[in-house]
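**Q** Quick one: structure below, then a few questions.
Residue numbers (this note's numbering): 5 to 149.
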C-alpha cells in the first residue's frame, strides 16, 4: 500500500526493540512537555471543567500568550494565572497522560465540594501534583526490606 503512514508512540523509549526502530524510515523523539506546554494542557482542562460547571467561571484565567504579554508581573488580575504557571513548573517531568489526570485527581481527592472556585481548584491541583511526585518517588525507590 503506497499511501500508508504508520505512527507509533512510546513513553518508555529506552525499552524499544532496536530491530523495530531500525526499520523506521523517520524517527522523531519528542520529549516531555515543557512548562509552557503544561500550562496550555492545564488551561484547556480548566476551560472544559468551567464549561461543564465543575469550576465556577467567575475568575479570570489568562491564556499563556496573554500572560506572557503582561511580562508575568504579579497583579490581582494575573495572580491566578501565575499560580497556574507555577503549578505547570512543578509538573515538569510528568508525561502528557499524567498531566491530563492531575485536574481529575485534584477534584476527586482534594476538592471539598462538587463545584469549586478557581482558587480552590488551583490549590487542589497543587496538592495533586505533590501527591503525584510522592507516588512517583515511592514507586522508584527500592524497598529496603
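For glycine and all other residues, C-beta sits at the position ideal for the given N, C-alpha and C.
Keep in mind it's a predicted model, so treat the numbers as computed, not measured.
At the level of alpha carbons, what is the spacing between residue 118 and residue 56?
**A** 12 Å
**Q** Where does residue 59 fall in DSSP's three states?
**A** strand
**Q** Determine the direct distance from the alpha carbon of residue 29 to that of residue 42, and round the result to whole angstroms.
**A** Taking the straight line from one Cα to the other gives about 30 Å.
**Q** DSSP state of residue 120, grouped into three classes?
**A** DSSP, reduced to helix, strand and coil, places residue 120 within a strand of the structure shown.
**Q** Report buried or exposed for residue 142, applying the criterion of at least 16 other Cβ atoms within 10 angstroms of its Cβ.
**A** exposed
**Q** Going by DSSP in three states, residue 92 sits in which element: helix, strand or coil?
**A** Here residue 92 sits in helix by DSSP.
**Q** Please name the residue in 123, 139, 120, 93 whose C-alpha comes closest to that of residue 45.
**A** Residue 93 is the option with its Cα nearest to residue 45.
**Q** Kindly indicate which residue of 60, 111, 144, 86 has the alpha-carbon position closest to the one of residue 70.
**A** 86
**Q** I'd like to know whether the C-beta of residue 130 is nearer than 8 Å to at least one C-beta of chain B.
**A** Going by chain labels, chain B is absent from the structure shown, which holds only one protein chain.
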